[in-house]
Each structure stands twice: as C-alpha cells, then as structure tokens.
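Okay, so here's the structure we're looking at.
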Amino acid sequence: MIGILAILAATVAEALAFYCGAEIFANGYDVEHTGAYAPNAVTFAVVALVGFSLPRIGEEFALPRRVAYAIVGIVTFLLLYGTFRIEFAGDLALWDWSWVADFLRSAEATTRDGAPAIFGGFFLIVCFARAAWRGGEDLELEAVPASLGIWLVLVLVVVIFGANSDRGAEIGRGAAAFFAFAVIAMALSQSALSGATIGRIRAGGVTGLLILGTVVATLLGLIVFGFFVGVAGDEIGAVIYTVVGAVAFVILTPVAWGLSWLFGLLIPEGAFFNQLVNDGILGEPEPLAGEDDATDEGEAAWQRFLRFLVRLGLIGIAAAIVIGLLVLVIRIKRRGERLREADPVHSTAGSLGADLAAGIRSLFSRGRHDAAVGAREGIYGLYAEILEDAGRRGTTRPPSRTPEEHAPALVAVYHTGVTDEITLAFEQARYAGRETDPHLVAELQRRWEQSRIVPGT
65 MIGILAILAA
75 TVAEALAFYC
85 GAEIFANGYD
95 VEHTGAYAPN
105 AVTFAVVALV
115 GFSLPRIGEE
125 FALPRRVAYA
135 IVGIVTFLLL
145 YGTFRIEFAG
155 DLALWDWSWV
165 ADFLRSAEAT
175 TRDGAPAIFG
185 GFFLIVCFAR
195 AAWRGGEDLE
205 LEAVPASLGI
215 WLVLVLVVVI
225 FGANSDRGAE
235 IGRGAAAFFA
245 FAVIAMALSQ
255 SALSGATIGR
265 IRAGGVTGLL
275 ILGTVVATLL
285 GLIVFGFFVG
295 VAGDEIGAVI
305 YTVVGAVAFV
315 ILTPVAWGLS
325 WLFGLLIPEG
335 AFFNQLVNDG
345 ILGEPEPLAG
355 EDDATDEGEA
365 AWQRFLRFLV
375 RLGLIGIAAA
385 IVIGLLVLVI
395 RIKRRGERLR
405 EADPVHSTAG
415 SLGADLAAGI
425 RSLFSRGRHD
435 AAVGAREGIY
445 GLYAEILEDA
455 GRRGTTRPPS
465 RTPEEHAPAL
475 VAVYHTGVTD
485 EITLAFEQAR
495 YAGRETDPHL
505 VAELQRRWEQ
515 SRIVPGT
C-alpha cells in the first residue's frame with residue numbers, strides 16, 4: 065500500500081510540474097481578451113492519474129486487446145476534450161465543435177482569443193502522455209528519487225524566472241505543492257523499501273540528502289534572489305538582459321542568415337509569399353470596432369477557397385501532432401517491453417532524461433536487440449542468468465524487492481555464499497558505477513556453476 069501511494073504521489077508531483085510550466089506561459093496571454101489563465105492544478109493531477117491508470121485496464125479486467133484499445137481511446141477523448149471544454153468553455157458540450165468553424169472563418173481572432181486553450185491544452189496532452197507512458201512501465205520504488213530529480217531542477221528554474229511575473233503567486237503555490245508531493249513520494253518509496261541500499265549506502269540516507277538539499281537550495285534561492293531582486297534588481301536585470309541578448313545574437317544570427325539565404329532561393333525576393341499575405345490568403349486583418357467580420361466582397365472565390373484549405377490544413381496538422389504523440393508513446397512503450405523481455409533484470413523506469421534518451425534510441429533500432437543482449441555481459445549477465453535459473457526453480461524476484469533483499473532467497477536455492485558475492489558485485493556496478501573485473505566475474509561464474517552441479521558447495 066505504501067508503495068502504491070509513493071507512485072501516485074510521484075505522478076501527482078510530475079503533473080504539478082507541468083502546471084507550473086503552463087502558468088509561466090500564461091504570462092504571455094492577452095489579459096484583455098483571454099483573462100490570462102492556465103488549467104487548474106487539480107485538473108492536471110486528475111488527468112495524470114487517469115492517464116497513469118489507463119494502460120493497465122486491459123490487464124486488470126483481462127480484456128481482449130482490441131476492446132482495451134477501444135476503451136482507452138474513448139476514455140482518452142472524453143477526458144481530454146471534456147477537460148478542454150470545462151476549463152476553457154465553461155461547459156461539457158462534447159458535441160460542440162464550433163471553434164473549428166470560427167478558426168476557418170477568422171483564424172487570427174480565434175488564435176488570439178484561444179491562446180490559453182492552445183498552450184494549456186498542449187501542456188495537458190503532454191502531461192497525459194507522460195503519465196500514460198509511466199503507467200505502462202513497472203516503476204521500481206528505488207528509482208523514484210532519480211525520476212523526480214530532473215523535475216526538481218525544472219520547477220526551481222520556473223520558480224526563479226516566474227516569481228516576479230504576473231502569475232508569480234500561482235507559480236509559487238504550484239511549486240510548493242510540487243515539492244510537498246515530491247518529498248512525500250521519496251519518503252514513501254524509501255519506507256516501502258524497508259531500508260534498502262544503493263550500493264552500500266542506505267537509500268533512506270540518499271532520500272534524506274535529497275530532501276535536505278532541496279530545502280537548502282530553495283531557501284538559498286529565495287534569500288539570494290530575494291536580496292538581489294529587492295536591492296539591486298534593476299542593475300542586475302540590465303546586465304543579465306545584455307549578456308543574454310549578446311549570446312542570443314551570436315548564436316542566432318548565423319541561423320537567421322542561413323534561413324534568409326534558404327528562403328531567398330526557394331522564394332525569390334519573397335514575391336509569392338508577400339502576394340499571399342497581401343491577398344489575405346494566409347490571414348485576414350483584424351476587423352475594426354463596428355466593422356462587419358465578413359470577407360471582402362471583392363475577394364476572388366479561389367482566394368477564399370485557398371484560405372479555407374490552408375486553415376483546414378492547420379487544424380489537420382494540429383490533430384496529427386496529437387495523434388502522432390499518442391502513437392509515439394505506444395510505439396516506444398512496445399519497444400521497451402520487447403527490450404525488457406530480452407533483458408529482464410534492467411528496468412525501464414528512471415529519470416525523464418533517461419526515458420527520452422532510451423525512447424529516441426529505440427526509434428532507430430528497428431529489429432536490433434544487440435544493445436539489450438550486450439548489456440547482459442559481465443556481472444549484469446551473470447546476475448541475470450542467476451535470476452532466470454532461480455526463476456525456473458520456483459524462486460522469482462518481485463519488482464519491489466531490491467537485490468540485497470533478494471539475496472537470502474538465492475542462498476536458499478543454491479546453498480552457497482557465492483550468490484551473495486555476485487549480488488554485491490552487481491549492486492556495486494549498477495548503483496555505484498564500479499564495474500567488476502572480468503577475471504573476478506569469470507571466477508564467480510565458475511563457482512556458481514559448480515554450485516548448480518553440486519548443491520551445498
């Protein structure tokens with residue numbers, strides 16, 4: 065039960081991190097037209113929890129694959145579009161798609177007034193996809209502190225840059241809630257592990273250091289940045305603005321020159337693009353107060369038709385991005401499952417950066433499991449072989465059990481202390497980064513294979 069609460073708390077913490085990101089984007093909304101708001105923090109938490117639970121529906125109720133996919137698709141649509149309607153339209157009219165017609169009729173006004181829905185919806189979709197991805201994986205409790213590490217850094221950055229903004233109060237409350245759930249998740253995860261170790265270091269001590277470091281970094285950030293902003297904010301801000309501007313100029317100027325040269329080749333003198341803009345095909349000027357929003361009567365029929373196709377294409381591109389994101393998550397998840405089958409010892413749970421790196425690598429490894437097989441060399445391969453052999457003898461290692469906690473079970477199977485030595489070497493290599501000497505691995509493997517033949521030696 066404690067382990068489940070730890071995973072749920074970690075999921076809510078990640079959702080609150082997305083909420084903080086949505087709030088800092090809300091600073092750019094047009095207050096006069098939109099009211100400058102982001103989706104509610106509770107909405108992010110609900111979306112994340114539902115997304116985390118969806119991948120397990122088929123397994124929990126033993127549903128056929130197609131039925132499970134259909135249920136997941138329907139629930140996803142009802143959840144996301146229903147959330148968009150409640151947050152941005154104030155109703156639950158799932159049948160109302162009038163915003164599509166509004167966009168086709170007046171793209172500029174619809175985009176301006178719908179900025180909160182565009183950016184807020186993007187953060188909600190990414191939050192849902194992230195939670196669904198994690199829900200399909202076996203998240204080891206010992207990986208919870210590592211998985212929250214990058215979120216701690218990102219939220220601190222958001223707090224620093226958003227503290228003095230118009231949405232500073234909302235960002236501060238969201239960050240406080242995030243830190244609370246992150247600390248709860250780390251504490252519960254280590255409590256559930258009953259004092260597990262990372263190498264030879266107590267995992268509870270690691271969590272204590274993480275919590276203490278977070279508190280100290282937060283206090284130092286508040287004191288230092290509060291002092292500098294209050295006393296010398298204008299001067300320091302001007303220096304930072306100048307330095308950032310100079311760096312951006314140096315980095316972006318070559319890129320801008322390259323793009324200008326490229327578009328100059330594709331569209332000589334920009335004549336075609338300028339003609340499209342002047343004719344109102346790619347957009348139309350904002351109507352003045354009291355002026356009819358209708359299209360100019362003098363506009364040619366082909367121009368209206370082309371403008372309609374362009375805007376319809378933009379909607380199609382947005383829909384394709386959302387669908388592609390969900391398909392990408394499912395595809396990466398399936399590849400992860402195949403890799404886990406090839407290497408059952410290594411868990412795919414980890415930090416956000418590790419997940420993204422593994423996902424990107426998997427996209428370019430069609431039909432190649434050499435990496436997974438290669439990862440089983442050395443002490444990793446020996447430990448995996450022991451677990452597989454012990455599993456065939458009726459002793460399996462649950463995902464919630466650490467290698468050290470599983471060591472007595474291996475001793476009971478083989479009646480030898482060599483399994484303890486192999487477990488220790490595996491922990492040193494996996495958690496402490498100290499790879500085992502190949503000669504020692506060969507000696508350990510020889511002794512273990514001997515114990516398989518003659519139990520008790």
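This note's numbering puts the first residue of the sequence shown at 65, with every later residue one more than the last.
Beta carbons are placed, not taken as given, at the ideal position from N, Cα and C, and that holds for glycine.
| Query | Result |
| --- | --- |
| DSSP three-state assignment for E87, whether helix, strand or coil | helix |
| R510 classed as buried or exposed, judged by whether at least 16 other C-beta atoms fall within 10 angstroms | exposed |
| Backbone CA spacing between L488 and P472 [nearest angstrom] | 12 Å |
| Delimiting residues of the alpha helix (DSSP H) encompassing Y444 | G442 to R456 |
| Own chain residues within Cβ distance below 6 Å of Y133, not counting five before or after | none |
| For R120 and A126, the rounded distance between their alpha carbons | 10 Å |
| Helix, strand or coil at R149 according to DSSP, with G and I counted as helix | helix |
| CA-to-CA distance, H470 to F89, given in whole angstroms | 47 Å |
| Nearest neighbour of E485, chosen from G226, G238 and I450 [CA to CA] | I450 |
| Where Y478 falls: helix, strand or coil (DSSP) | helix |
| Other residues of its chain near A73: CB distance less than 7 Å, five sequence neighbours each side excluded | F245, I248, A249 and L252 |
| For D230, three-class secondary structure by DSSP | coil |
| Residues near N91 by beta carbon distance below 6 Å, same chain, minus five either side | S229, D230 and R231 |
| Buried or exposed (CB count within 10 angstroms, at least 16 for buried), Q254 | buried |
| Reduced DSSP category for W215 - H, G, I as helix; E, B as strand; rest coil | helix |
| Residue burial classification, A312 (beta-carbon count within 10 angstroms, cutoff 16) | exposed |
| Simplified DSSP assignment, three categories, for G322 | helix |
| N- and C-terminal bounds of the alpha helix (DSSP H) containing A105 | A105 to S117 |
| Assigned exposure category for V437 - 16 Cβ within 10 Å defines buried | Here V437 scores only 39 on pLDDT, less than 50, and its place in the model should not be relied on; the value that follows carries that caveat. By the neighbour-count rule (16 or more Cβ atoms within 10 Å), V437 is not buried but exposed. |
| Rounded distance between the beta-carbons of E151 and V184, thought under 8 Å | First, the amino acid is wrong: residue 184 is Gly here, not Val. So it is a contact: roughly 7 Å between Cβ atoms. |
| R516 in three-state terms, based on DSSP | helix |
| Cβ pair V208, A109 closer than 8 Å | no |
| 8 Å Cβ cutoff met for T500 and A493 | yes |
| Beta-carbon spacing of I217, I235 below 8 Å | One detail in the question is off: residue 217 reads as Val in this sequence, not Ile. Not closer than 8 Å, so no. |
| Among E124, V111, V164 and R129, nearest to L143 - alpha-carbon criterion | V111 |
| Under the three-state DSSP convention, the category L158 falls into | coil |
| Own chain, CB closer than 6 Å to T480, minus 5 neighbours either side, in chain order | S515 |
| CA-to-CA distance, P462 to E513, given in whole angstroms | 24 Å |
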